[in-house]
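Participant: I have a structure here, written as structure tokens, and I will follow up with some questions on it.
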Amino acid sequence: MCVYSLIIYKTIRPSNLSKKYYFSKMANNRSGAEIVYGAEDCYKHSIELLEELGFPRGVLPLKDLVECGRVRETGFVWMKQKAPYEHWFEATNTRVSYAVEVTGFVEKGKMKKMTGIKSKQMLVWVPISEMCMDQNNPDKITFKTPVGIGKSFPITSFMTNQEKDKYLQSHNNGVKLLL
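What the sequence shown shows, in my numbering, is residues 900 to 1078, in sequence order.
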């Protein structure tokens, strides 16, 4: 084996080991999980999770879900789709890509250590590792990258029409605004 081949082999080999470590770690995260299968049950489960955490229903618009799971003790959650999906959020003028599997750790008002979500910013796909309700301004939701750079948007940008109507009525003392 020539030196060049040896260098390539050693360079490639550790990534294989890290994949095994990643899958082993994911398997450990899933022990004791509540798992739901099927599009209808997964959709219901994901909506209930978002509502429990205080997020609007439209913040994770995943399509064709096949499996969802949650480990309540650790807060670990995952959602699997049939195929990757890209969504255009018109209200924020943002394109977001969702991998086949989206994972994260949840707590009230926050989803952190997220995987499987990227946002297109200035021709570059940027991973999103955290989303949280802004504590200083509960009308905003903040998305952060792994390096901590964040961007906030109005919470109404991710609400369904029904949620938005209810939200506007409660925040305007029953006076409906014409938008």
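We put the beta carbon where it would ideally sit given N, CA and C, even for glycine. In this text, all values refer to a predicted model and were calculated from it rather than measured experimentally.
(1) In whole angstroms, give me the CA-to-CA distance for Gly-953 and Leu-1022.
(2) Please classify Lys-1065: is it buried, with 16 or more other beta-carbons within 10 angstroms of its beta-carbon, or exposed?
(3) Straight-line CA distance for Phe-1057 to Gly-931?
(4) Taking all protein chains shown into account, decide if Ser-945 is buried (16 or more other Cβ within 10 angstroms of its Cβ) or exposed.
(5) Specify whether the segment 1042 to 1051 and the segment 934 to 948 touch according to this definition: at least 3 beta carbon pairs, one from each stretch, less than 8 angstroms apart.
(6) Go ahead and label Glu-1029 buried or exposed: buried means 16 or more other beta carbons lie within 10 angstroms of its beta carbon, across all protein chains shown.
(7) Report the partner residues of Ser-996 according to the DSSP bridge assignment.
(8) Rounded to whole angstroms, how far is the Cβ of Val-976 from the Cβ of Leu-948, which I believe are closer than 8 angstroms?
(9) Can you tell me which of the three DSSP states Ser-1051 falls into?
(10) Grab the span of the alpha helix (DSSP H) containing Leu-948 for me, first residue to last.
(11) Between Gln-1034, Val-958 and Gly-937, which has its C-alpha nearest Glu-985's C-alpha?
(12) Could you pull out every residue in the same chain whose Cβ sits closer than 6 angstroms to the Cβ of Gln-1068, ignoring the five residues on either side in sequence?
(13) By the 10 Å Cβ neighbour count, where 16 or more other Cβ atoms means buried, how is Pro-955 classified, buried or exposed?
(14) Who are the Cβ neighbours of Lys-895 in its own chain at under 6 angstroms, not counting the five residues just before and after it?
(15) With 16 as the cutoff for other CB atoms within 10 Å, does Asn-915 come out buried or exposed?
(16) Can you tell me whether Tyr-936 is buried or exposed, with buried defined as 16 or more other CB within 10 angstroms of its CB?
(17) Does DSSP put Gln-980 in a helix, a strand or coil?
(18) Per DSSP, what kind of secondary structure is Phe-1004 in: helix, strand or coil?
Facilitator: Well, looking at it:
(1) 31 angstroms
(2) exposed
(3) 31 angstroms
(4) buried
(5) no
(6) buried
(7) Glu-985 and Lys-1017
(8) 7 angstroms
(9) strand
(10) 938 to 952
(11) Val-958
(12) none
(13) buried
(14) Outside the displayed range of the chain (900 to 1078) lies residue 895, so it cannot be described from this structure.
(15) Note that Asn-915 scores a pLDDT of 45, beneath 50, so its modelled location is shaky; the value from the coordinates is reported in the next line. Classification of Asn-915: exposed, given that the 10 Å Cβ count is below 16.
(16) exposed
(17) strand
(18) strand
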